[in-house]
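Following my numbering, the numbering of the sequence shown begins with -12 at its first residue and continues without gaps.
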Amino acid sequence: MAIFLTGSTGYIGGHLAAGLLEQHGESLNLLVRAKSQREAAQRLWHALQLHMDFARFQEHLESRVDMFLGDLTEKRFGLDQIDYARMVKTTDSVIHCAASLNRKSEKACLNVNLRGTLEVVRFARDAQDDHGLRRISHVSTVAVAGHRSHEVVREDAAIDWQRSDYDPYARTKKFCEHMIRELLPEVPRTIFRPSIVLGDSRRAETTQFDMVRAFVFLAGLPLLPFRPEDKIDIVNVDYVADAIVTLHQKEKPGHEIYHLSSGTDSQTYRELTRALAQARGKGMPMFAPGLEKPFASLVNFLARRKGGVGYGASLLKVFLPYLVWDTVFDNARVVAELGRKPTPFSQYSYPLLQYSRANHFTYRYQEWPDAARGAGE
Ligand SMILES: NC(=O)c1ccc[n+]([C@@H]2O[C@H](COP(=O)([O-])OP(=O)(O)OC[C@H]3O[C@@H](n4cnc5c(N)ncnc54)[C@H](OP(=O)(O)O)[C@@H]3O)[C@@H](O)[C@H]2O)c1
């Protein structure tokens, strides 16, 4: 039997697939958007090459990975009856990690997050009715907590339907949690809510640059429109992935919901900028919290421009509410279960900044080696 995993070609999902294969020897049923098995294998190789060499990847692909070519937004993922039935019969647990993180597009969030999660729920129901599911794990986000200010939010107090949300992403992810809880009441479930997932504490390389661009943009400013003692809840991807994999595999996790975050240990802007200034041998930026509104207007203006500055500003525009809310997410549950805390961002932020700048915010993918061409066909 296998774990059905969505989003394996993405940043966090790639870490999950690698963790399940390498550390737990699991078999995986993966939903991959591709026109052929070969394209799917190449896309998966891109996602997993941060974690293993090609020989190891191929070994897993041949022995323990079954790729189903489908899309979350299609009925039965667009699979034919035979493939869908095979996936149902061979799945004994589900990790739903795929999502649209496009905060600017309500359409993308409605389609991928709501319709897509409903398809995952239908599939889980079919597997549950056929032979029973061990667990469904859903990768959500702390953004489901909606508008907040100067708070420490605990897992059971995060969802408040009377509260507004910052964007369609947050709103749809909140409803995804609701669907899973309401429509699969008898299936053991775990909801994981990562905070801002930024970088890997073990290496500078990353394949995801959106939040990194916003961070590098801010790191280049001599004046920051933030309150220096505000905390920002950033968590390393290796911690997030290890928590999801470990708790999904555990027979009885202690809780239904986990914040995967730095919680009250989150660092302040002053701490983060001091560490970065020391590493770069430069002075500290100044803080001018009174400039938050003019800064937001400037970001809006720059976001309309073309090129790198425009792109960085447009990303900053959507992340800005999460940078000034001074809200952190209590992580006592996950720290107790894993027996360790996330790595403070100041410990690995400088290598991440250097790597991203030096590589112009792109990861240099190794392509499929010629000798093995055709293996994925
Ligand atoms: N990154 C963060 O800071 C953060 C923070 C909190 C929570 N999260 C949550 O973590 C999860 C993963 O995020 P991520 O940062 O890894 O995102 P990502 O890199 O953008 O990956 C998204 C994944 O979802 C897949 N997907 C999107 N639309 C799909 C569709 N219609 N059908 C099938 N697959 C589809 C993508 O497939 P393609 O490769 O084909 O596009 C990709 O594999 C999400 O649920 C997100 O809400 C992320």
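From the three backbone atoms N, C-alpha and C, an ideal C-beta is built for every residue, glycine too.
At least one heavy atom of ligand 1 is found less than 7 Å from the C-beta of Gly(-3).
Counting the other Cβ atoms within 10 Å of the Cβ of Ile69 gives fewer than 16, which makes it exposed. In the same chain as Thr159, and ignoring 5 residues on each side of it, the C-beta atoms closer than 7 Å to its own belong to Cys96, Leu97, Asn100 and Leu101, in chain order. Assigned with DSSP and collapsed to three states, Glu138 falls in strand. The three-state secondary structure of Leu208, taken from DSSP, is coil.
In this structure Gly186 is in contact with Val224, their Cβ atoms being roughly 7 Å apart against a cut-off of 8 Å. With a cutoff of 7 Å, Arg20 counts as near ligand 1, since its C-beta is closer than that to a heavy atom of the ligand. At least one heavy atom of ligand 1 lies less than 7 Å from the C-beta of Ala86. For Pro155, the CB stays at least 7 Å from every heavy atom of ligand 1.
Rounded to whole angstroms, the separation of the alpha carbons of Ser333 and Ala262 is 6 Å. Beta-bridge partners of Leu15 (DSSP): Ile(-10) and Val52. Across the structure, Ser50 and Ala(-11) are spaced so that their CA atoms are roughly 12 Å apart. Following the DSSP letters along the chain, one finds Leu247 inside the beta strand (DSSP E) bounded by residues Ile244 to Leu247. By the beta-carbon neighbour count (other beta carbons within 10 angstroms, threshold 16), Lys94 is exposed. Taken from the Cβ of Thr60, at least one heavy atom of ligand 1 lies inside 7 Å. Relative to ligand 1, even the nearest heavy atom lies 7 Å or more away from the CB of Gln45. Sorting Ile(-1), Leu8, Gly295 and Pro281 by C-alpha distance to the C-alpha of Gln236 places Leu8 at the top.
Collapsing the DSSP output to three states places Lys218 in a strand. In this structure, Arg180 and Trp312 do not form a Cβ contact; the two beta carbons are roughly 15 Å apart against a cut-off of 8 Å. Taking a contact to require three or more Cβ pairs closer than 8 Å, the region 100 to 117 and the region 75 to 89 qualify as touching.
Along the region 260 to 347, the alpha helix (DSSP H) occurs as fully enclosed runs of 4 or more residues at 279 to 290, 294 to 311, 319 to 325 and 336 to 345, listed in sequence order.
The straight-line gap separating the alpha-carbon atoms of Trp32 and Arg257 is approximately 39 Å. For the pair of segments examined, the region 115 to 123 was found not to touch the region 133 to 150: the number of CB pairs separated by less than 8 Å stays below three. Between Thr60 and Tyr226, the CB-CB gap reaches or exceeds 8 Å.
Secondary structure at Ile146: coil, using DSSP grouped into helix, strand and coil. In the pairwise beta carbon analysis, the region 241 to 249 is classified as not touching the region 279 to 287: fewer than three pairs are separated by under 8 Å.
The DSSP-derived three-state label of Pro181 is strand.
For Pro356, the shortest separation between its Cβ and any heavy atom of ligand 1 does not lie below 7 Å. Put simply, of Ala319, His11, Gly(-6) and Ser151 the residue whose alpha carbon is nearest the alpha carbon of Gly57 is Gly(-6). Relative to ligand 1, even the nearest heavy atom lies 7 Å or more away from the CB of Pro338. The alpha-carbon of Ser301 is positioned some 42 Å away from that of Glu173. Across the set Pro209, Leu339, Lys91 and Ser14, the C-alpha of Ser14 shows the shortest separation from the C-alpha of Thr77.
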